[in-house]
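Down below is the structure, laid out as structure tokens.
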Amino acid sequence: MEIDVYDIALENGSKLKDRYLIEQVYYWGHTSILYLATDTLTKERVAVKEFCPYFYANRDMDGKTVICKGKRYERAYKNAYRAFMQECEIVKKLQDLKETREGYILRYQDDFQENETIYLVTEFIEGTSLDEVVENEMDFPFRECVSRLIKLVRAIHKIGIYHRDIKPANIIFRKSGSIVLIDFGSACYKEKQNTELVFVSRGYSAPELYSRMPSGEETDVYSIGALLYYLLSRRQMPGADERMKQEEMEPLEDLVEVPKSISYMINKAVTLEPEKRLKSLWLLEKLMEKQ
Numbered sequence: 022m023e024i025d026v027y028d029i030a031l032e033n034g035s036k037l038k039d040r041y042l043i044e045q046v047y048y049w050g051h052t053s054i055l056y057l058a059t060d061t062l063t064k065e066r067v068a069v070k071e072f073c074p075y076f077y078a079n080r081d082m083d084g085k086t087v088i089c090k091g092k093r094y095e096r097a098y099k100n101a102y103r104a105f106m107q108e109c110e111i112v113k114k115l116q117d118l119k120e121t122r123e124g125y126i127l128r129y130q131d132d133f134q135e136n137e138t139i140y141l142v143t144e145f146i147e148g149t150s151l152d153e154v155v156e157n158e159m160d161f162p163f164r165e166c167v168s169r170l171i172k173l174v175r176a177i178h179k180i181g182i183y184h185r186d187i188k189p190a191n192i193i194f195r196k197s198g199s200i201v202l203i204d205f206g207s208a209c210y211k212e213k214q215n216t217e218l219v220f221v222s223r224g225y226s227a228p229e230l231y232s233r234m235p236s237g238e239e240t241d242v243y244s245i246g247a248l249l250y251y252l253l254s255r256r257q258m259p260g261a262d263e264r265m266k267q268e269e270m271e272p273l274e275d276l277v278e279v280p281k282s283i284s285y286m287i288n289k290a291v292t293l294e295p296e297k298r299l300k301s302l303w304l305l306e307k308l309m310e311k312q
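As structure tokens, then:
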């Protein structure tokens, strides 16, 4: 049975924390619904992310309260709940980075509990995702985009956080032309990895995320390598699970003319074995700046 998000979403016009006025559903994923809303105190548009895992939960009779579907779903529901709480913590922690203050990482505004669930409020970004830019063959500053992304990921790693879902859809171009990294729903702390609840992105997620093995900096290195492969060749790599079953990945140099040094580094970045994967994002950044 297909689920219609509008059957479980809050009604337009609902107000949260006596402050955030829901305007419309903007996006929905496995564990949450993202709303476009207005902050009635500042009069600014914001994004409100509600924990509402439709596989494990329903909206109660009041049309607001989120409840687990039943005992058989309790474990999955609690795991998803903890993961969402961790996302709120991580997005808040990232505000300490100068990269966030400069607008390159999604800005946190608020988080709170209401309707027996959790809400995360962030800035609403008006812009175009990198996948839309590529699909519509729009021009963009390739070197600057790649260099900035690698710098962002290196900065996040330095404070002990792994993003674990770097892909074109999670990179947005603001109207000013600068990029911003969004969606930390799969992110984890170095010392507190949440490997149990991870949703993979085919073609970009590292193989350890398919097998629920520990993540590390090399997990994001794989995703960046897969992203560069896509940006240079305009072809998405096979999923890591398919590659582990011996499906061949077309060599980058067979698809596009690139320097051997860059092709080699990207191939190293997407090596299936984490211990054999490229270790230095800095070196990859410098090579790409020359592309």
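Here the sequence shown stands for residues 22 to 312, where the numbers follow the working numbering.
Glycine residues also receive a C-beta, built at the ideal position from the N, C-alpha and C atoms.
With a Cβ-Cβ cutoff of 9 Å, do GLN257 and ARG223 count as a contact?
The residue you call residue 257 lines up with position 236 of the sequence shown. The residue you call residue 223 lines up with position 202 of the sequence shown. In contact: GLN257 and ARG223 (Cβ atoms closer than 9 Å).
First and last residue of the alpha helix (DSSP H) that includes GLU296?
Here residue 296 refers to the residue found at position 275 when the sequence shown is read from its first residue. From DSSP, GLU296 is part of no alpha helix (DSSP H); its letter is neither H nor E.
Express the C-alpha separation of MET265 and LYS38 in angstroms, rounding to a whole number.
Counted from its first residue, the sequence shown places residue 38 at position 17. Counted from its first residue, the sequence shown places residue 265 at position 244. Straight-line Cα distance between these residues: approximately 47 Å.
Under three-state DSSP, which class holds ARG223?
Numbered from 1 along the sequence shown, position 202 holds the residue referred to as residue 223. Coil, per DSSP.
Taking the straight line between their C-alpha atoms, what separation do you get for LYS289 and TYR225?
Residue mapping note: residue 289 aligns to position 268 of the sequence shown, counting from 1. Residue mapping note: residue 225 aligns to position 204 of the sequence shown, counting from 1. Straight-line Cα distance between these residues: approximately 15 Å.
For LEU304, count neighbouring Cβ atoms within 10 angstroms of its own Cβ and tell me buried if that reaches 16, exposed if not.
The residue labelled residue 304 in the question sits at position 283 within the sequence shown. It counts as exposed.
The beta strand (DSSP E) that contains PHE161, what's its start and end?
The sequence position of residue 161 within the sequence shown is 140, counting from 1. First-last for PHE161: undefined, no H or E at that position.
Counting C-beta neighbours from all protein chains within 10 Å, is the total for MET22 16 or more, i.e. buried, or is it exposed?
On the sequence shown, residue 22 is found 1 positions in, with the first residue counted as 1. Confidence is the limiting factor: at MET22 the pLDDT is only 47, short of 50, which leaves the residue's position unreliable and the question unanswerable from this model.
Within a Cβ cutoff of 7 Å, which residues of the same chain sit near GLU310, ignoring the five residues on either side of it in sequence?
Translated into the one-based positions of the sequence shown, residue 310 becomes position 289. Excluding positions up to five away in sequence, the list reads ARG164 and SER168.
Roughly how many angstroms lie between the CA atoms of LEU173 and GLU229, to the nearest whole one?
As a position in the sequence shown, residue 173 is number 152, starting the count at 1. As a position in the sequence shown, residue 229 is number 208, starting the count at 1. Near 22 Å, if we compare the C-alpha coordinates of GLU229 and LEU173.
Using a Cβ-Cβ cut-off of 8 Å (strictly less than) and excluding sequence neighbours within five positions of LYS114, which residues of its own chain qualify?
Along the sequence shown, one-based indexing puts residue 114 at 93. Here the set comprises ILE180 and ILE182.
The alpha helix (DSSP H) with ASN100 in it runs from where to where?
Counting from one through the sequence shown, the residue named residue 100 turns up at place 79. Counting along the chain, the alpha helix (DSSP H) containing ASN100 begins and ends at 95-114.
What first and last residue would you give for the alpha helix (DSSP H) that runs through LEU202?
As a first step, residue 202 must be located in the sequence shown, where it is residue number 181. No alpha helix (DSSP H) holds LEU202; the beta strand (DSSP E) holding it covers 200-202.
Which residue wins for smallest C-alpha separation from THR143, given the options ASN100, GLU137, GLY246 and LEU55?
Mapped onto the sequence shown, residue 143 falls at position 122. Closest option to THR143, Cα to Cα, is LEU55.
Compare the C-alpha of TYR98 against each of THR292, GLY34 and HIS51 and name the closest.
Within the sequence shown, numbered from 1, the residue matching residue 98 stands at position 77. Looking at the Cα atoms, HIS51 is the closest of the given residues.
Since MET283 is in the alpha helix (DSSP H), which residue starts that stretch and which ends it?
Position 262 of the sequence shown, counted from the start, is the residue given in the question as residue 283. Correcting the residue type first, residue 283 is Ile in the shown sequence and not Met. 281-290 is the extent of the alpha helix (DSSP H) around ILE283.
Select from ARG103, PRO74 and MET82 the residue whose C-alpha is nearest the C-alpha of CYS89.
Within the sequence shown, the letter at position 68 stands for residue 89. When each option's Cα is compared against that of CYS89, the closest is PRO74.
What separation, rounded to the nearest whole angstrom, lies between the Cα atoms of GLU268 and PRO259?
By one-based count along the sequence shown, residue 268 stands at place 247. By one-based count along the sequence shown, residue 259 stands at place 238. Taking the straight line from one Cα to the other gives about 8 Å.
Mind reading off the beta-carbon distance from ILE187 to ILE245? Whole number of angstroms is fine, and I expect it under 8 Å.
Counting from one through the sequence shown, the residue named residue 187 turns up at place 166. Counting from one through the sequence shown, the residue named residue 245 turns up at place 224. That pair is a contact at about 6 Å.
Can you give, in chain order, each stretch of the beta strand (DSSP E) that sits fully within the segment 35-99 and has at least 3 residues?
41-49, 53-60, 65-72, 78-80 and 87-89, all fully within the segment 35-99.
Using three-state DSSP, classify MET309 as helix, strand or coil.
Position 288 of the sequence shown, counted from the start, is the residue given in the question as residue 309. If DSSP states are grouped into helix, strand and coil, MET309 belongs with the helices.
Drop a sphere of 10 angstroms on the beta-carbon of ARG197, count the other beta-carbons inside from all chains shown, and report buried for 16 or more, exposed for fewer.
Sequence index remark: in the sequence shown, residue 197 carries index 176 (1-based). Reading off the sequence shown, one finds Ser at residue 197, where the question assumed Arg. Its Cβ having fewer than 16 others within 10 Å, SER197 is exposed.
What are the boundary residues of the alpha helix (DSSP H) that includes GLU229?
Residue 229 sits at position 208 when you count from the first residue of the sequence shown. Note, GLU229: alpha helix (DSSP H), 228-231.
Helix, strand or coil for GLY148 per DSSP?
The residue given as residue 148 occupies position 127 in the sequence shown. Residue state, collapsed to three classes: strand.
Under 8 Å: does the beta carbon of ASP131 sit that close to some heavy atom of the ligand MG?
Summarising the ligand content, the structure contains no ligands, and the ligand MG is consequently not present.
Along the chain, where does the beta strand (DSSP E) containing GLU135 start, and where does it finish?
As a working mapping, residue 135 is identified with position 114 in the sequence shown. Here the beta strand (DSSP E) through GLU135 covers 129-135.
Could you pull the DSSP bridge partners for TYR183 from this structure?
For the purposes of this step, residue 183 is taken as residue 162 along the sequence shown, with counting starting at 1. Answer is CYS209, bridged to TYR183.
Go to ARG195, then tell me how far its beta strand (DSSP E) extends in each direction, as first and last residue.
Stepping through the sequence shown from its first residue, residue 195 is reached at position 174. It spans 192-195 - the beta strand (DSSP E) in which ARG195 sits, taken as one unbroken run.
State the Cα-Cα distance for the pair ASN157 and ARG255, rounded to the nearest angstrom.
The residue you call residue 157 lines up with position 136 of the sequence shown. The residue you call residue 255 lines up with position 234 of the sequence shown. Rounded to the nearest angstrom, the two C-alpha atoms are 12 Å apart.
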